[in-house]
Amino acid sequence: MVATAGNSTNGTDRSSGLRRAGRRPVTSRSEIEHIALELFTDRGFEHTTVDDVAHAAGIGRRTFFRYYASKNDVAWGAFDEQLHSMRAVLAAQPSDLGVLEGIRRAVLEFNHVEPAEQPWHRRRLQLILRTPALQAHSTLRYAAWRQVVADHVAARRGEPASSLVPQSVGHACLGVCLAAYEHWLSADGAELADLLDGVFRSLERGWAAELA
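Going by my numbering, the residue at position 2 of the sequence shown is 2; the numbering climbs one at a time, nothing skipped.
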């Protein structure tokens with residue numbers, strides 16, 4: 001459940017961003033990210049510093065940087081670990097499975113979010129997609145995601161990952177993911193998994209008939 005302004009969770013006074021005395025400091029990555037996302041929402045990403053996040057979480061700068069290389073990385077959470085898992089999921093797909101079908105399955109697993117975490121995931125995507133100060137950093141993350149897809153397509157086709165088709169598939173898959181994220185943020189009651197599943201199935205079928 002998302003804590004609203006003025007409420008407290010994990011010993012933090014959300015209205016001030018300061019931790020209450022006598023409570024244990026936050027040490028898990030998930031808790032730090034929740035606190036940071038609330039601060040980013042309340043104060044704005046550019047006006048929230050690493051020191052603000054560390055202070056609200058009751059940790060030192062050294063502990064913060066043990067989890068994140070920069071403030072920008074907080075928004076992306078455990079992206080590198082998830083990307084590694086996505087690569088493993090793609091590699092484990094049966095050789096007789098269609099390439100796009102395998103990517104669809106891997107994307108759905110990559111984007112699986114437990115119900116309790118979905119409100120936080122919504123905040124995270126809003127921050128990533130709608131914060132101008134994050135766009136340059138996000139471009140690097142998008143490129144890493146596309147490369148995982150391109151590497152998989154290239155391996156299946158027996159050609160370099162730099163070839164046109166693997167790179168094009170990577171761009172296309174990222175594009176439909178971003179479209180699904182944007183739609184999820186603007187459509188009340190929509191399920192992200194359903195949106196991703198539907199748009200990937202449409203991509204797999206081809207859009208010629210749908211756009212006629």
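Yeah, the Cβ is synthetic: ideal placement off N, Cα and C, and Gly gets one too.
Considering only C-alpha positions, which residue in the set the options is nearest to residue i?
i      : options                        : result
Glu182 : Ala106, Gly44, Leu129, Ser30   : Leu129
Leu127 : Glu33, Ser28, Ala106           : Glu33
Ser131 : Arg29, Gly44, Leu39            : First, the residue type needs correcting, since residue 131 is Thr and not Ser in the sequence shown. The residue with the shortest Cα to Cα distance from Thr131 is Gly44.
Asp194 : Ala209, Gly206, Ala208, Val176 : Val176
Arg157 : Arg29, Ser95, Glu31            : Ser95
Glu114 : Ser30, Trp145, Ala161, Ala133  : Ser30
Gly77  : Ser202, Ser138, Ser163         : Ser138
Leu100 : Ala92, Glu117, Cys173, Gly60   : Cys173
Do you know offhand how far residue i's Cα is from residue j's?
i      : j      : result
Glu204 : Glu81  : 27 Å
Leu18  : Arg105 : Confidence is the limiting factor: at Leu18 the pLDDT is only 45, short of 50, which leaves the residue's position unreliable, though a coordinate-based value still follows. C-alpha separation (whole angstroms): 42 Å.
Pro144 : Asn72  : The sequence given here has Ala at residue 144, not Pro. If you take the alpha carbons of Ala144 and Asn72, they lie about 16 Å apart.
Leu39  : Gly58  : 14 Å
Arg66  : Trp207 : 45 Å
Asp42  : Leu164 : 43 Å
Ala69  : Leu108 : 27 Å
Thr48  : Ala88  : 35 Å
Ser162 : Ala56  : 44 Å
Ile103 : Thr63  : 36 Å
Leu97  : Ala190 : 29 Å
Gln118 : Arg124 : 9 Å
Ser85  : Arg201 : 22 Å
Ala116 : Ser28  : 16 Å
Leu90  : Asp52  : 39 Å
Assuming the contact rule is C-beta atoms closer than 8 Å, residue i and residue j should be a hit. Round their C-beta distance to whole Å, please.
i      : j      : result
Val199 : Ala180 : 5 Å
Val153 : Val169 : 5 Å
Arg146 : His171 : 6 Å
Quick one: what's got a C-beta closer than 6 Å to residue i's C-beta in the same chain, skipping five residues either side?
i      : result
Gln167 : Ala150
Glu46  : Ala133
Leu192 : Trp184
Ala21  : With a pLDDT of 44 at Ala21, under the threshold of 50, the modelled position of this residue cannot be trusted, and the question is left open.
Gln93  : Gly102
Look at the Cβ atom of residue i, then the Cβ atom of residue j, and state whether they are nearer than 7 Å.
i      : j      : result
Ala36  : Val74  : yes
Leu185 : Asn111 : no
Given residue i, which residues of its chain have a CB within under 7 Å of its CB, disregarding the five upstream and five downstream residues?
i      : result
Leu83  : Ala144, Trp145, Val148
Phe79  : Arg141
Pro160 : Ala154
Val272 : No answer is possible for residue 272: it lies beyond the span of the chain, which begins at 1 and ends at 212.
Can you find the residues in the same chain that come closer than 8 Å, C-beta to C-beta, to residue i, ignoring five residues on each side of it along the sequence?
i      : result
Gly60  : Ala54
Ala209 : none
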